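Chains A and B, in that order, give the protein sequences.
226 is the number that the working numbering gives to position 215 of the first sequence; each next residue is one higher, with no gaps.
74 is the number that the working numbering gives to position 63 of the second sequence; each next residue is one higher, with no gaps.
For each residue, glycine too, the CB sits at the ideal point set by N, CA and C.
No experiment lies behind these values; they were computed from the predicted model shown.
Number of protein chains: 2
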Amino acid sequence: MNFEIERRELLRGLGLVQSVAGRKTTLPILSHILLEWDQNSLYLTATDLETGIREELKATVREKGKASVSAKKLYEIVRELPDVLIHFQKKENQWINLQCERSVFNLAGLDPEEFPSLPPCKVENFSTVSTHLIREMIEKTVFAASNEESRYHLNGVLLTQSKQGGKDILRMVATDGHRLCLMDQENQPIQGIEKGLIIPKKGVLEIKKIIGDHDDEEEMGIYFDSTHGFFKLGKSLTVIRLIDGEFPEYEQVIPEGNDKKLMIGREKMYSSLKRISTMASERVEGVKLSLKKNSIEMSSYHQDYGDAQEELEAVYEGPPLQVGFNARYLMEALNAMNTEEVLMELRDEGSPGVLKPTSTAPKAFNQLCIIMPMRL
Amino acid sequence: MNFEIERRELLRGLGLVQSVAGRKTTLPILSHILLEWDQNSLYLTATDLETGIREELKATVREKGKASVSAKKLYEIVRELPDVLIHFQKKENQWINLQCERSVFNLAGLDPEEFPSLPPCKVENFSTVSTHLIREMIEKTVFAASNEESRYHLNGVLLTQSKQGGKDILRMVATDGHRLCLMDQENQPIQGIEKGLIIPKKGVLEIKKIIGDHDDEEEMGIYFDSTHGFFKLGKSLTVIRLIDGEFPEYEQVIPEGNDKKLMIGREKMYSSLKRISTMASERVEGVKLSLKKNSIEMSSYHQDYGDAQEELEAVYEGPPLQVGFNARYLMEALNAMNTEEVLMELRDEGSPGVLKPTSTAPKAFNQLCIIMPMRL
């Protein structure tokens, strides 16, 4: 026998890496997981050539070796096995023999030497960053990144770093051309970010998932070289190929002259929008906001089903104003904030609106969402 | 205002009826719900012309009336409303006005007179039957009914009634041509079942769902006329159009000469099959059972991934025997039994196998599953 491992430990590792394997079916080996065992560790590696994950697991190794087997099949099998030790033995022609209690499996493998290697990681380059803050930045921006394959440079989030008043400001920005979300964090310098880089959305979501699976790790290591980002969390290493493109000049988009300011309860506005948007047309998802002194009316109209409206109290001292927005964009922006009240800054019916958490927030951080208006 | 109703009560009713509405899109009104309000009750009706459901809800009615609105849209709206009273008012041109706190909805309706009426129900015909027993019969047979549209007469379950030794035996049978499941219950006579009738699978599943939503009702009313089945549970009435076809002569299929009898732990066999079937081919899902004295080996083979085998202890005194079955059919049959051990009766590799709960069951009931063999 080459090595043995607790089923629970292996299942946890496979759960982390297997979603990356098999995304691309052009190269059969990309649907495989590379297993390498040496010195009390089993290393699992999966990659789709854009995102690669390597996970170190505890194992009892008798004899060093490596193998490559179908990620999906191995995961399916291990999921059904009882919570005891699993014994692995490599056989001729890349076959793997797996035994667990009375079950015996023979898995066809591929030559592990053909498995694409991850870009080399330089451990000394890692900057230590708060896991919580990175997770927050991702959650509050990534939903605004584009899913359209044709807009390749918008299929990711921009990460920049700058000095402002003696402080290091780390900024994450995502936009799909219809809305933009931005978040700043202070004093989290990361090596390799110079004038900014774009991390693909899929990779960012993978990082978010791995953070979720390691919620006891308070810190993580991050660094970037000219082509890849490296993320180390506990015993997981994720390597993401950066998007080689120009992010739009987003700073020009941030409105300066939005003088109509409305303050409103965040959850109250969210649940109103959820009700009113049931009557918005499926295609444009538009709701009309009508502002009057200390009130906002939200309304929608569906050509087949009818219409809906609801009035809410709000703090608003400006002149009457009507402006249309995509209801889902508003809801996703509200959902990405965590203050009790939010500030909405508008100008006129043809100008983008800005949503911000109010300054009564427990921590003073910088976050905003810009949403393009719609004619309804 | 015409009537008002608690949001929670309306949501519960809509949840029950809305799955039937909108299945067929040929007639627009079939995607609607008929609302009728009179004397402290709101009646909701939905139908796809095969299954119809009518639910009575508590409401405060000011003025009798009826309306027809989109089931999906009304359900979406009510789901988002707060748990308070909802006020309904019928307007001109079949519009419905709905108010709940500060939300106002205007829903486009259709003429309620055009809503297809359910076949008339004769309350005096209902036979009272144990809800628990009906649910058990459905759960232990319906999964074996065919989903193939071309096998119309197999897209349902057969219900028959007969006298055996002075007892009324109610029997439910389902088959898809590859397997057959049968269950008998004693002393549950139901009016209108003579030589047997076929209830469509969709309708049977609807009944199962409604029973699940009324788990405090110990008894239900059932009767059949020549074309429909009527099921009354609490304040729900479900009317199902029967399948007009000939059910196969299933009694000839029940093997008589299966002399190789194996007794085995039900859950143990189930989890073995779940493991071994990970290596069965996706198309045929076959596992091979190899019987030897007091043991059974299960094995599978996948042309791309490899093979699997597992041996279990069992009580078996017969000669060695190998026979192949569809793993999922075996698992579904085991899952439909609730005894600790099951009895498997086999003859040879070309004959159907029979699975039965063992007679050490707490209650003596009659249940069996027949599964056709496969060459592997």
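Handout entry: Test item: CB-CB of GLY256/B and ILE218/B under 8 Å
Key = If you check the CB distance, GLY256/B and ILE218/B do not come in under 8 Å.
Exercise for the section: Starting from ASN346/A, trace the alpha helix (DSSP H) both ways and give me its first and last residue. Expected result: From DSSP, the alpha helix (DSSP H) with ASN346/A extends over 338-346.
Exercise for the section: Can you give me the start and stop residues for the alpha helix (DSSP H) that GLU87/A sits inside? Expected result: Taken as a continuous stretch (DSSP letters only), the alpha helix (DSSP H) holding GLU87/A covers 82-91.
Handout entry: Residue environment, GLU328/A, which counts as buried when at least 16 other CB atoms sit within 10 Å
Key = Classification for GLU328/A: exposed.
Exercise for the section: Please confirm if ARG286/A has its CB atom under 8 Å from at least one CB of chain B. Expected result: A Cβ of chain B is located within less than 8 Å of the beta carbon of ARG286/A.
Exercise for the section: Quickly, what does DSSP pair GLY364/A with across the bridge? List them, please. Expected result: In the DSSP output, where bridge partners are listed per residue, GLY364/A has ILE382/A.
Exercise for the section: Over the uninterrupted beta strand (DSSP E) stretch that includes ILE450/B, give me the two end residues. Expected result: Nothing can be reported for residue 450/B, as the shown portion of chain B is limited to 12 through 387.
Practice task
In angstroms with no decimal places, state the Cα-to-Cα distance between LEU332/B and ILE307/B.
Solution key: Straight-line spacing of the CA atoms in LEU332/B and ILE307/B works out to 10 Å.
Practice task
Check the Cβ-Cβ distances between ALA119/B and every residue of chain A, and say whether any is below 8 Å.
Solution key: Chain A contact via Cβ: present.
Handout entry: Contact check, LEU273/A vs ALA325/A, beta carbons under 8 Å
Key = With contacts defined as CB atoms closer than 8 Å, LEU273/A and ALA325/A qualify as a contacting pair.
Handout entry: Close Cβ partners of ALA338/A (< 6 Å) along its chain, the five nearest in sequence each way excluded
Key = LEU284, SER288, ALA291, GLU296 and VAL298, listed in sequence order.
Handout entry: Residues of its chain near GLU229/B, where Cβ-Cβ distance is below 8 Å and the 5 sequence neighbours each way are ignored
Key = Within the same chain, GLU229/B has close Cβ partners SER141, THR142 and HIS143.
Handout entry: Simplified DSSP assignment, three categories, for LYS299/A
Key = In the structure shown, LYS299/A sits in a strand (DSSP, three-state: E or B).
Handout entry: Closer than 9 Å at the beta carbon, the chain A residues around ILE44/B
Key = Result: empty, since nearest Cβ-Cβ is about 13 Å, beyond 9 Å.
Handout entry: Contacts of ALA319/B in chain A (Cβ-Cβ under 8 Å)
Key = Scanning chain A for C-beta atoms nearer than 8 Å to the C-beta of ALA319/B yields ILE88, SER114, VAL115, PHE116 and ASN117, reported in chain order.
Handout entry: Neighbour list for ASP94/B in chain C, Cβ cutoff strictly below 9 Å
Key = Absent here is chain C; the protein component of the structure consists of chains A and B.
Handout entry: Bounding residues of the beta strand (DSSP E) (the contiguous stretch that carries GLU322/A)
Key = Its beta strand (DSSP E) spans residues 317-324.
Problem - 8 Å CB neighbourhood of TYR392/A in its chain, flanking five on each side removed - result: Outside the displayed range of chain A (12 to 387) lies residue 392/A, so it cannot be described from this structure.
Problem - Closer than 8 Å to chain A by CB, TYR340/B - result: Cβ-Cβ to chain A under 8 Å: no for TYR340/B.
Exercise for the section: Run down chain A in chain order and give the residues with a C-beta less than 8 Å from the C-beta of SER79/B. Expected result: Residues of chain A whose Cβ lies closer than 8 Å to the Cβ of SER79/B do not exist, since the nearest Cβ in that chain is about 13 Å away.
Practice task
Step through the CB atoms of chain B and report whether any lies within less than 8 Å of the CB of LEU289/A.
Solution key: Going by the sequence as given, residue 289/A is Thr instead of Leu. Yes - at least one Cβ of chain B is within 8 Å of the one on THR289/A.
Problem - 8 Å CB neighbourhood of PRO123/A in its chain, flanking five on each side removed - result: Taken in chain order, the residues that qualify are LEU45, LEU46, GLU47, LYS77, ALA78, SER79 and GLN105.
Problem - Range of the contiguous alpha helix (DSSP H) that encloses GLU147/A - result: Its alpha helix (DSSP H) spans residues 142-150.
Problem - Host beta strand (DSSP E) of VAL215/A (start-end) - result: It is not in any beta strand (DSSP E) - VAL215/A instead sits in the alpha helix (DSSP H) that spans 212-224.
Handout entry: Contacts around GLN405/A, its chain only, beta-carbon distance under 8 Å, and the 5 residues preceding and following it disregarded
Key = Because residue 405/A is not part of the residues shown, which for chain A are 12 to 387, the question remains open.
Problem - Stretch-stretch touch, CB-based, cutoff 8 Å, three pairs: the region 128-139 of chain A with the region 150-167 of chain A - result: The region 128-139 of chain A is not in contact with the region 150-167 of chain A.
Exercise for the section: Answer yes or no: do MET355/B and ARG277/B have a C-beta to C-beta separation smaller than 8 Å? Expected result: No. Outside cutoff.
Handout entry: As assigned by DSSP and simplified to three states, the class of MET12/B
Key = Coil.
Exercise for the section: Tell me whether ARG19/B is buried or exposed, calling it buried when 16 or more other Cβ atoms sit within 10 Å of its Cβ. Expected result: By the Cβ neighbour-count rule, ARG19/B is exposed, with fewer than 16 other Cβ atoms within 10 Å of its own.
Problem - GLY256/B in three-state terms, based on DSSP - result: Coil, per DSSP.
Handout entry: Alpha-carbon to alpha-carbon, PRO200/A and ASP179/A
Key = Rounded to whole angstroms, ASP179/A to PRO200/A spans 6 Å at the Cα level.
Problem - Cβ neighbour criterion (16 or more within 10 Å) applied to PRO384/B - result: When all chains shown are included, PRO384/B counts as buried.
Exercise for the section: Measuring only between beta-carbons, confirm whether GLU15/A sits less than 8 Å from chain B. Expected result: It does not: the Cβ of GLU15/A has no partner Cβ on chain B nearer than 8 Å.
Problem - Distance between PRO363/B and LEU109/A (C-alpha atoms, nearest Å) - result: Their Cα atoms are separated by approximately 33 Å.
Handout entry: Continuous beta strand (DSSP E) stretch holding GLU66/A: start and end
Key = Where GLU66/A is concerned, the enclosing beta strand (DSSP E) stretches over 62-69.
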